[in-house]
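J.: Numbering (the working numbering), first residue to last: 43 to 150.
We put the beta carbon where it would ideally sit given N, CA and C, even for glycine.
So that we are looking at the same thing, I have put the structure below in structure tokens.
See the structure below:
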């Protein structure tokens with residue numbers, strides 16, 4: 043989750059102005075997600091998926107069943123317009139924020 047905070051929090055207003063909302067999903071417990079949200083003052087929800095049902099549904103588990111860091115742009119009809127998955131171990135492996143913003147601009 044720290045990788046998401048590093049990338050998304052400073053850009054939250056830009057993302058929001060493009061009509062998008064961020065929703066974070068992790069395998070952490072509700073209490074752990076609440077702590078992260080409070081610690082970083084996140085303006086977006088962090089949902090818990092302890093059984094990895096949603097994570098599995100989006101096919102973002104690695105070969106050891108560990109969730110990858112993943113980003114999706116999904117429109118209101120549920121269509122996925124962009125997807126980016128990452129190992130989570132290397133902050134340099136994250137998508138470029140401009141790539142995400144470009145996709146959001148295209149689907150407005």
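Nearest-angstrom Cα distance between residue 104 and residue 60?
T.: On the chain shown, residue 104 is found 62 positions in, with the first residue counted as 1. On the chain shown, residue 60 is found 18 positions in, with the first residue counted as 1. Approximately 31 Å between the Cα atoms of the pair.
J.: Name the DSSP bridge partner or partners of residue 68?
T.: Counting from 1 along the chain shown, the entry for residue 68 is found at position 26. 90.
J.: For my contact list, residue 68 and residue 91 are in at a C-beta cut-off of 8 Å; report their separation, rounded to the angstrom.
T.: Mapped onto the chain shown, residue 68 falls at position 26. Mapped onto the chain shown, residue 91 falls at position 49. Confirmed, about 7 Å.
J.: Would residue 123 pass as a contact of residue 115 if the rule is Cβ separation under 7 Å?
T.: One-based indexing of the chain shown puts residue 123 at position 81. One-based indexing of the chain shown puts residue 115 at position 73. Yes, these two residues count as a Cβ contact at 7 Å.
J.: Flag residue 59 as yes if its beta-carbon sits less than 7 Å from any beta-carbon of chain B, otherwise no.
T.: Of the protein chains in this structure there is only one, and it is not chain B.
J.: Answer yes or no: do residue 62 and residue 46 have a C-beta to C-beta separation smaller than 7 Å?
T.: If you number the chain shown from 1, residue 62 lands on position 20. If you number the chain shown from 1, residue 46 lands on position 4. No, Cβ-Cβ distance for residue 62 and residue 46 is not below 7 Å.
J.: Are the CB atoms of residue 53 and residue 149 nearer to each other than 7 Å?
T.: Mapped onto the chain shown, residue 53 falls at position 11. Mapped onto the chain shown, residue 149 falls at position 107. Not in contact: residue 53 and residue 149 (Cβ atoms no closer than 7 Å).
J.: Just verifying my parser: in three-state terms, what is the DSSP assignment at residue 103?
T.: Residue numbering aside, residue 103 sits at position 61 when the chain shown is read from its first letter. Residue 103: strand per DSSP, three-state reduction.
J.: Keeping to the same chain, check which residues put their C-beta closer than 6 Å to that of residue 112; ignore five residues upstream and five downstream.
T.: Taking the first residue of the chain shown as position 1, residue 112 is located at position 70. So the list reads 102, 127, once near-sequence residues are dropped.
J.: So residue 125 is in the alpha helix (DSSP H); what residue range does that whole segment cover?
T.: The residue given as residue 125 occupies position 83 in the chain shown. No alpha helix (DSSP H) contains residue 125, which is instead part of the beta strand (DSSP E) from 122-128.
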